[in-house]
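4 protein chains.
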Amino acid sequence: MAGNSIGKAFVVTCFGESHGKCIGVVIEGCPPGLPLSEQDIQIELDKRKPATSSISTQRIEEDKAEILSGVFNGYTTGAPICIVVWNKNIDSEPYELVKEKPRPGHADYTAHLRYDGFNDYRGGGRFSGRITVAYVMAGAVAKKLLKTLNVEILAHTVQIGSIKVSKKISYEEIRNNVYKNDVRCADLHMAALMVEEILKVKRDGDSLGGIVECIALNYPAGIGDPIFDSLDADIAKIMFDIPGVKGVEIGAGFTAASMKGSENNDAYIIKGGAVLTETNNCGGILGGLSNGMPIKARIALKPTPSIRKKQKTINLKHMQETELTLSGKFDPCIVSRAVPVVEACMATVLADHALRLGKIPQTKAYCDKL
Amino acid sequence: MAGNSIGKAFVVTCFGESHGKCIGVVIEGCPPGLPLSEQDIQIELDKRKPATSSISTQRIEEDKAEILSGVFNGYTTGAPICIVVWNKNIDSEPYELVKEKPRPGHADYTAHLRYDGFNDYRGGGRFSGRITVAYVMAGAVAKKLLKTLNVEILAHTVQIGSIKVSKKISYEEIRNNVYKNDVRCADLHMAALMVEEILKVKRDGDSLGGIVECIALNYPAGIGDPIFDSLDADIAKIMFDIPGVKGVEIGAGFTAASMKGSENNDAYIIKGGAVLTETNNCGGILGGLSNGMPIKARIALKPTPSIRKKQKTINLKHMQETELTLSGKFDPCIVSRAVPVVEACMATVLADHALRLGKIPQTKAYCDKL
Amino acid sequence: MAGNSIGKAFVVTCFGESHGKCIGVVIEGCPPGLPLSEQDIQIELDKRKPATSSISTQRIEEDKAEILSGVFNGYTTGAPICIVVWNKNIDSEPYELVKEKPRPGHADYTAHLRYDGFNDYRGGGRFSGRITVAYVMAGAVAKKLLKTLNVEILAHTVQIGSIKVSKKISYEEIRNNVYKNDVRCADLHMAALMVEEILKVKRDGDSLGGIVECIALNYPAGIGDPIFDSLDADIAKIMFDIPGVKGVEIGAGFTAASMKGSENNDAYIIKGGAVLTETNNCGGILGGLSNGMPIKARIALKPTPSIRKKQKTINLKHMQETELTLSGKFDPCIVSRAVPVVEACMATVLADHALRLGKIPQTKAYCDKL
Amino acid sequence: MAGNSIGKAFVVTCFGESHGKCIGVVIEGCPPGLPLSEQDIQIELDKRKPATSSISTQRIEEDKAEILSGVFNGYTTGAPICIVVWNKNIDSEPYELVKEKPRPGHADYTAHLRYDGFNDYRGGGRFSGRITVAYVMAGAVAKKLLKTLNVEILAHTVQIGSIKVSKKISYEEIRNNVYKNDVRCADLHMAALMVEEILKVKRDGDSLGGIVECIALNYPAGIGDPIFDSLDADIAKIMFDIPGVKGVEIGAGFTAASMKGSENNDAYIIKGGAVLTETNNCGGILGGLSNGMPIKARIALKPTPSIRKKQKTINLKHMQETELTLSGKFDPCIVSRAVPVVEACMATVLADHALRLGKIPQTKAYCDKL
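The listed protein sequences derive, respectively, from chains A, B, C and D. To get my numbering, take the position in the first sequence, counting from 1, and add 3. To get my numbering, take the position in the second sequence, counting from 1, and add 3. To get my numbering, take the position in the third sequence, counting from 1, and add 3. To get my numbering, take the position in the fourth sequence, counting from 1, and add 3.
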């Protein structure tokens with residue numbers, strides 16, 4: 004059975020390992036006639052690159068996208084689009100250690116069991132955060148498709164460790180600030196505190212997690228496939244497919260659990276001829292269907308499991324308890340790098356569902372607006 | 004495109020509407036030879052019935068399961084199992100109102116858009132909480148399959164409105180207490196407070212949400228289908244398919260976002276020859292794969308949107324703002340009724356993934372333990 | 004893993020056994036707003052009924068369609084449509100014999116192995132021709148959908164045993180004659196000979212097979228999903244899902260193997276502003292895509308395996324060779340009853356592919372022509 | 004919607020175009036621990052290469068397989084296996100002609116409609132026989148998996164144009180002779196006549212079709228997923244996905260239509276403790292399930308549509324009738340090159356179904372026999 008594909012109308016299939024030849028993606032279902040270039044993919048990939056600062060890993064990943072199929076004369080053809088990034092700057096040596104001593108918080112142990120010891124453990128192999136390169140490439144195509152519907156996707160860091168953004172953030176602040184600071188935070192003041200916090204734990208050989216918020220604007224109302232392919236269910240699923248994600252909430256999320264119905268219900272109003280809601284506790288989704296309001300999700304990421312601090316683990320070969328001290332290039336916090344990945348995942352689901360219902364049609368007319 | 008099916012090896016397809024003839028489910032992929040009776044289904048369905056107390060809806064649902072196919076001489080045959088519950092005690096009259104005036108917080112408006120006005124709006128139609136009857140019936144079969152692996156699934160209410168269970172709850176307390184009180188809470192003291200809270204908002208014509216925790220014990224390690232069919236992703240997806248769910252977290256969940264790596268990582272230990280972890284912040288899942296520890300999820304439910312309090316809404320026909328005052332039988336809190344549904348959904352995903360990897364085989368030998 | 008569903012946009016899931024409670028089908032993906040009644044289904048079901056003549060089985064099947072979900076106020080709602088036929092007139096007694104002695108040519112032996120002895124063997128269970136009731140019900144919905152595109156589907160018997168229709172048959176003859184004779188043959192002269200042939204083998208306790216041709220008119224050009232969901236591949240697949248089918252050919256089919264390219268290629272011409280081909284050896288499909296010409300398939304059915312003549316078989320319990328003499332109600336030839344089934348299967352595939360590409364849209368506008 | 008994937012447990016996704024950068028395939032679901040090298044793939048690819056004789060195209064395709072992912076230290080890891088062949092020796096110039104003048108018998112016209120004029124028309128693009136490189140690569144992996152069950156797959160040419168193999172061919176003759184002659188025929192005498200026939204039509208600028216027979220030995224009994232994923236249905240589907248296929252029959256196929264039940268039914272016998280059948284008219288499949296006898300299919304291929312003879316066609320730009328005279332490198336007969344493709348397709352379906360039922364398990368134990 005295969006778990007490397009997602010989507011029904013916009014189908015994304017991933018392949019590749021952290022220290023293998025490449026990370027790749029095959030995208031099926033993109034209608035013909037969409038202008039698409041390697042540069043379109045590159046722009047999104049570049050957002051995922053580690054910040055050129057002290058807070059990030061030193062593995063330099065060039066990450067140049069190469070389109071192998073599905074694009075001809077600058078337009079998609081309707082055939083599957085394969086895009087790869089060739090892996091470079093690989094140093095697999097430190098991973099010989101984890102072959103026998105699984106890192107706590109990582110998939111080393113579970114992958115060893117699941118794949119009967121044959122999994123490629125180098126760099127985390129198929130379980131590395133590096134596979135999100137594929138998600139971002141698929142998301143780049145999805146984003147371009149969604150542009151034909153005028154949909155905009157905005158993600159930003161709202162928490163790192165104990166530092167939380169508490170003031171209300173405008174869409175404009177997200178647009179302007181996120182890619183101007185190393186932690187992808189729209190509140191520049193908190194961004195500075197977050198960097199400080201990261202540097203502190205980095206010195207301790209420790210790591211931090213955080214929360215990313217993602218908003219999709221202008222997504223048409225009435226899209227989704229209940230019961231089981233509810234829009235929120237599909238968003239939650241793909242977000243949990245990002246390594247390190249431990250929680251997803253839509254709209255008011257867990258807060259809704261302590262609200263009363265009269266507080267949580269979003270009253271309908273009419274404004275400029277359009278049906279809106281006064282509040283948006285539902286996060287733009289009711290009954291698994293978009294309601295035309297901004298779609299809002301919050302995604303919780305655990306702290307990077309790779310830390311320099313000494314940890315208790317076991318030796319799988321000798322089946323005995325032991326200790327592990329990791330050396331190598333680890334990000335003390337990957338929340339900032341998850342921001343473009345979360346955007347890409349949101350785009351992938353929204354494009355898939357828009358295509359399912361023919362909201363993005365199969366003829367070139369659909370991209371007249373581009 | 005169709006969203007009424009879920010699963011790959013254990014495939015569940017739902018049909019039926021709240022005020023239609025029936026709620027039904029077709030289950031494919033159950034191996035032959037499993038002893039299965041209508042009574043097995045009924046036990047689970049009965050858990051979902053409204054409490055016979057003042058806190059619940061007065062719609063009396065008999066909800067008798069009838070197996071239409073796939074079972075012969077008391078055993079599953081390997082053919083699709085269709086099970087239905089015939090709807091009775093239906094009063095659709097109050098719903099003529101919401102045909103034009105969508106209820107805030109409900110799918111009335113989005114369903115109207117999505118289905119071009121042809122959706123069956125009676126009782127919420129396909130968007131009613133009543134469709135979870137189908138989830139419970141599928142879950143009953145899944146649970147029986149999982150018993151062959153000795154897997155046990157426990158769900159319980161941990162929060163209703165502002166009342167939260169704060170003390171540590173043992174598995175034994177869950178087993179003993181949950182179905183002994185009307186709110187399905189394992190802490191009997193808090194249960195009493197929750198009932199009080201519900202009665203209070205009920206008097207105000209308002210409603211409450213809450214949080215359900217679900218634990219799966221003894222699920223074998225090394226199960227799951229990364230990347231996109233990660234076990235946690237599939238759990239999150241199915242939980243979001245339950246009407247009213249706004250958040251899902253696995254293990255430490257959102258709390259993990261403010262922990263350090265050294266705190267969040269679960270150290271491996273060996274106990275009685277088995278590999279365990281000291282803590283279980285990962286909630287039994289690492290890299291999308293089970294690690295043998297209890298699988299833990301928490302599910303946030305919003306307050307029931309149907310409230311008696313006057314609300315602002317719009318008239319879809321005249322496209323103008325208006326008010327809505329609902330009368331009818333509404334649960335002021337559906338959290339307790341979600342408990343068996345959450346259990347069923349967890350069972351469905353776990354059975355599906357165990358079947359995918361052949362952990363439950365296709366021969367009768369698998370149910371020798373029953 | 005589950006094999007009881009087919010289609011991607013128009014998804015058909017079957018359940019039920021020959022001697023179980025019912026034969027049922029769940030249809031997902033039918034857009035909202037299609038006028039649909041039980042009578043629409045019944046018309047197609049009635050075509051499948053055994054001829055009221057001496058050539059057919061004496062099992063009287065009332066076969067009344069009952070819609071359980073997905074239709075409200077006479078229109079489809081967009082929710083899954085479940086339709087059942089309740090089994091009646093069941094006599095399972097003769098099948099106790101085949102439990103141990105598998106009938107040659109039937110699935111008795113293979114089903115016993117596949118389902119580890121738990122399959123419902125009564126009346127062939129899940130392997131009975133009776134399951135095609137479900138195909139016909141799904142096809143009835145598909146046909147109605149296709150009417151919105153003006154598509155017409157015509158099937159007719161072209162061979163029974165050694166009696167073959169050799170003269171060219173017009174569409175008008177198919178429309179007029181097929182349901183006027185017991186063998187569903189458009190050539191009334193050959194129809195009479197076929198009946199004679201059947202009566203002869205019936206007297207001998209033997210059976211006959213035959214060939215059904217199916218034509219779809221007015222299906223729009225440019226529909227299909229190569230590579231693997233080619234229109235011809237999907238037609239072939241569903242036809243082989245009809246019990247007894249042993250061969251499928253499209254257009255010139257096997258004859259094309261002995262033609263030259265210059266003979267087989269269909270020259271393009273323009274007629275009345277439309278692109279047509281002079282010949283139609285490709286059977287309306289090129290590269291897995293419709294070309295606007297009539298879609299033509301021929302389906303070979305083996306002779307009914309249930310015969311009264313004594314046959315060699317084995318006793319599965321004692322694992323020794325033995326003999327088998329069947330008594331019971333058997334059709335000496337099921338070709339005529341396959342005709343509406345073949346039509347239904349063709350309709351199911353064509354509707355699925357038209358929906359995939361949005362050629363039948365998701366709004367009620369699509370059925371303005373009905 | 005996407006049609007570039009096939010299979011449920013062994014999932015094959017293809018990408019690439021005839022004159023694009025590469026032809027590629029992603030294979031999901033191959034269990035970990037299978038020894039696999041590029042050489043394993045190359046052996047199969049080499050069988051597909053044009054014969055080095057006068058009967059074939061002069062396009063020299065090096066076709067070197069490169070494994071991009073899913074294999075580590077010589078074994079499959081359980082992760083998706085991506086394999087590509089880089090296209091070389093491309094001359095797209097002749098195809099500028101067919102951009103406006105669709106070749107009769109080709110997908111030029113239908114692809115133009117389906118993809119709104121954006122399809123890559125060079126070399127037939129996605130509709131070229133060249134895409135079968137991907138099928139062969141997937142089949143190579145499938146064959147290796149099937150070896151663990153001792154399954155052997157044999158295909159051979161039984162007809163080219165009017166030259167038919169009439170004598171009974173032994174498995175030994177197929178094994179020994181097929182890859183020793185340019186037309187992949189097991190009857191060396193007929194092979195010589197076939198070559199002669201091809202040379203004759205080649206001189207005339209014409210082309211020929213033919214029939215390939217495919218046999219799978221030792222496939223275990225009781226495998227298949229009725230109703231809709233019947234083994235024969237899935238075989239038929241994948242065979243029709245090979246460009247140029249117009250007919251598929253299983254066992255006696257179309258001949259069964261004129262047999263009597265008493266002739267067509269295969270009597271069960273016991274031989275050496277095993278259940279066999281005296282004849283094999285069913286072609287190893289009953290009720291969509293394997294019965295342990297050799298699986299037999301026959302596949303009809305139409306003559307190559309690309310011929311040098313002048314043909315009638317239309318000019319799509321000016322919408323008027325015109326003529327077309329092709330120049331370029333065309334195979335006058337592709338039947339021989341279809342032989343390894345048919346083998347690969349058969350292997351892909353059989354491996355998929357064996358994996359679905361766990362007949363090939365998920366642990367390395369399964370390949371102990373290799």
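Ideal Cβ positions, reconstructed from N, Cα and C, are used throughout, including at glycine. As the structure is a computational prediction, the values presented were derived from the model and not from experiment.
In the DSSP assignment, D:Q42 falls within the unbroken alpha helix (DSSP H) covering 41 to 51. About 5 Å separates the Cβ atoms of C:V88 and C:D66, confirming a contact at the 8 Å cut-off. In chain order, A350, T351, A354 place their CB closer than 6 Å to the CB of B:A145, counting only its own chain and leaving out the 5 sequence neighbours on each side.
Put simply, the stretch 307 to 317 of chain B touches the stretch 204 to 212 of chain B. At least three CB pairs are less than 8 Å apart. Counting only Cβ-Cβ distances below 9 Å, C:D269 has contacts in chain D at P107, G108, in chain order. Taking 7 Å as the threshold, the shortest C-beta distance from B:P364 to chain D falls below it.
Across the stretch 114 to 133 of chain D, CB contacts with chain A closer than 9 Å involve A114, R117, Y118, D119, G120, F121, N122, D123, Y124, R125, G128, R129, in sequence order along the chain.
Distances from the CA of D:D235 to each of C:G208, C:D244, C:A158 were compared; the closest alpha carbon is that of C:D244.
For B:A68, the three-state secondary structure derived from DSSP is strand. Closer than 8 Å at the C-beta level to chain B, one finds no residue of the stretch 224 to 235 of chain C. Inclusion of B:E281 and B:I288 in the CB contact set at 7 Å is not warranted, their separation being larger than that value.
7 Å or more divides the Cβ of A:V139 from the Cβ of A:E216.
A:N122 places its beta carbon 7 Å or farther from that of D:T258. With 16 or more neighbouring CB atoms inside 10 Å of its own CB, B:K362 falls in the buried class. With a cut-off of 8 Å on Cβ pairs, the stretch 320 to 327 of chain A is not in contact with the stretch 213 to 232 of chain A, counting fewer than three such pairs.
Closest in C-alpha terms to C:L220, from the list C:G275, C:I298, C:E41, comes C:I298. Looking only at D:P35, D:P83, D:N283, D:V248, the smallest Cα-Cα distance to A:A5 is reached by D:P83. At a cut-off of 7 Å between beta-carbon atoms, C:V14 makes contact with chain B. With respect to the 7 Å criterion, D:L116 and C:A224 are classified as neighbours on the basis of their beta carbons. Take the alpha-carbon of B:P35 and the one of B:K167: they are about 43 Å apart. In this structure the stretch 177 to 195 of chain A does not lie against the stretch 252 to 266 of chain A, because fewer than three pairs of beta carbons, one per stretch, are closer than 8 Å.
Here the alpha carbon of B:G10 sits roughly 16 Å from the alpha carbon of C:E31. Per DSSP, the unbroken alpha helix (DSSP H) holding D:E176 starts and ends at 174 to 180.
Across the structure, C:Y182 and C:I238 are spaced so that their CA atoms are roughly 23 Å apart. Taking 7 Å as the threshold, the shortest C-beta distance from D:P35 to chain A falls below it.
For the pair A:G77 and A:P38, the CB atoms are nearer than the 7 Å cut-off.
Not flagged as an interface residue toward chain B: C:E266, since no C-beta distance is shorter than 7 Å. If you draw a straight line from the Cα of D:T16 to the Cα of D:I70, it comes to about 15 Å.
Taken in chain order, the members of the stretch 69 to 96 of chain C whose beta-carbon sits within less than 9 Å of a beta-carbon on chain B are E69, I70, L71, S72, G73, V74, F75, N76, Y78, T79, T80, G81, A82, P83, I84, C85, V87.
Residues of chain A whose Cβ lies closer than 9 Å to the Cβ of D:C25 are, in chain order, L71, S72, C85. Using a Cβ-Cβ cut-off of 7 Å, D:L353 does not count as an interface residue toward chain B, since no Cβ of chain B sits closer than that to its own. Between the C-alpha atoms of D:K91 and D:G23 there is a straight-line separation of about 9 Å.
Around B:L279, the same chain offers I272 as residues with beta carbons nearer than 6 Å, after the five sequence neighbours per side are excluded. Between C:T151 and C:L373 the beta-carbon gap is near 6 Å, inside 8 Å, which marks them as a contact. Close to C:L360, with beta-carbon spacing below 8 Å, are these residues of chain A in chain order: Q365. Counting only residues of its own chain and dropping the five nearest sequence neighbours on each side, C:A137 has a CB closer than 6 Å to the CB of C17, I26, V28.
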